[in-house]
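Counting in the numbering used here, the sequence shown runs from 58 upward without gaps. All remarks here apply to the structure that follows.
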Amino acid sequence: MNKHLKEISVRGRYAIGLSCIKLLLRERNLHHSEFSRTLFRKLGEFTQAKKLDVWEEEVKAYLPYNETSDETISDLQKFNTFCKEYNSSIDKNWYKGVSLEILEASFYDELIEFYKKPENRTIKKVAELCESIGRAEMYGAMSKGNSKLTLKYSNEILEITGLVSEFDFQKIAKEYPFSKGDGWGKTFNIKTFKRK
């Protein structure tokens, strides 16, 4: 673990994770696609969000883990079979409802297909960990001087991606210190975040 990572605000840690996603997309030559730009723009709203509860609800649609998990799909299929057996009128796509209120159906389908591809599993996992960083301390008091959960998720992102050398953690800690904003740090536009 980098000793300076714990000095970085929650928003700064989130930005590190999002930068890892951007680097992974660039590695796969996907960073210029409309799909990638839309996904990155939505996930990037966290660093400047004033109402994190609203951000949390909206970003869930962009991280549809349930629909891309084979285990959950199996459970949903079992539930759908149960509903059919007992003449229930529940639509087989009921679980897409919340996501489709926020996303266009075509983008949602593209998102599901993107996350299902084995070569994109790391991106999906990092996106999920970013969301976990954003939500970890949302409804509880952050422990004074640290956020062990967001630190854990940040370290996991760096381990999974192997992108530690892409960041100047000391510089990031100075720009986005944990000591500001009760650990959340200052709000900022993700486009202004510098890795080094």
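For every residue, glycine included, the Cβ atom is placed at its ideal position computed from N, Cα and C.
The segment 85 to 93 / the segment 223 to 241 touching (three or more Cβ pairs under 8 Å):
no
Beta-carbon spacing of C77, T218 below 7 Å:
The residue given as residue 77 occupies position 20 in the sequence shown. The residue given as residue 218 occupies position 161 in the sequence shown. Their beta carbons are under 7 Å apart, which means C77 touches T218 by this criterion.
Here's a check: name, in chain order, each residue in its chain whose Cβ is nearer than 8 Å to the Cβ of K237, leaving out the five neighbours to either side.
Taking the first residue of the sequence shown as 1, we reach residue 237 at position 180. Excluding sequence neighbours, K237 sits near S66, K243.
Contact check, A106 vs W112, beta carbons under 7 Å:
Position 49 of the sequence shown, counting from 1, holds the residue named residue 106. Position 55 of the sequence shown, counting from 1, holds the residue named residue 112. With respect to W112, A106 sits close: the two C-beta atoms are nearer than 7 Å.
Tell me, which residues are paired with I180 by DSSP?
Residue mapping note: residue 180 aligns to position 123 of the sequence shown, counting from 1. In the DSSP output, where bridge partners are listed per residue, I180 has none listed.
For K63, count neighbouring C-beta atoms within 10 Å of its own C-beta (all shown protein chains included) and say buried if the count is 16 or more, exposed if not.
Residue 63 sits at position 6 when you count from the first residue of the sequence shown. With 16 or more other Cβ atoms within 10 Å, it is buried.
What's the gap between the Cα of I247 and the Cα of L75?
Taking the sequence shown and counting its residues from 1, the one referred to as residue 247 is at position 190. Taking the sequence shown and counting its residues from 1, the one referred to as residue 75 is at position 18. I247 and L75 have their C-alpha atoms roughly 9 Å apart.
Can you give me the Cβ contacts of E232 inside the same chain, cut-off strictly under 8 Å, excluding the 5 residues immediately before and after it?
Walking along the sequence shown from the start, residue 232 turns up at place 175. Closer than 8 Å at the Cβ level, and outside the excluded window around E232, lie G69, K251.
Counting C-beta neighbours from all protein chains within 10 Å, is the total for T125 16 or more, i.e. buried, or is it exposed?
Locating residue 125 in the sequence shown gives position 68, where the first residue counts as 1. Legend: pLDDT at T125 = 39, less than 50; position of this residue unreliable, no value from coordinates given.
Here's a check: name, in chain order, each residue in its chain whose Cβ is nearer than 8 Å to the Cβ of E176, leaving out the five neighbours to either side.
Counted from its first residue, the sequence shown places residue 176 at position 119. If the five residues before and after E176 are omitted, its C-beta is found closer than 8 Å to the C-beta atoms of R85, all from its own chain and listed in chain order.
Burial state of Y210, where buried means 16 or more other Cβ atoms lie within 10 Å:
Within the sequence shown, the letter at position 153 stands for residue 210. Under this definition Y210 is a buried residue.
Using 10 angstroms around the beta-carbon of Y71, count the other beta-carbons present and answer buried if the total reaches 16, otherwise exposed.
Position 14 of the sequence shown, counted from the first residue, corresponds to residue 71. By the 10 Å Cβ count, Y71 comes out buried.
Span of the alpha helix (DSSP H) around S93:
Here the question's residue 93 lines up with position 36 in the sequence shown. Residue range 91 to 101 is occupied by the alpha helix (DSSP H) that includes S93.
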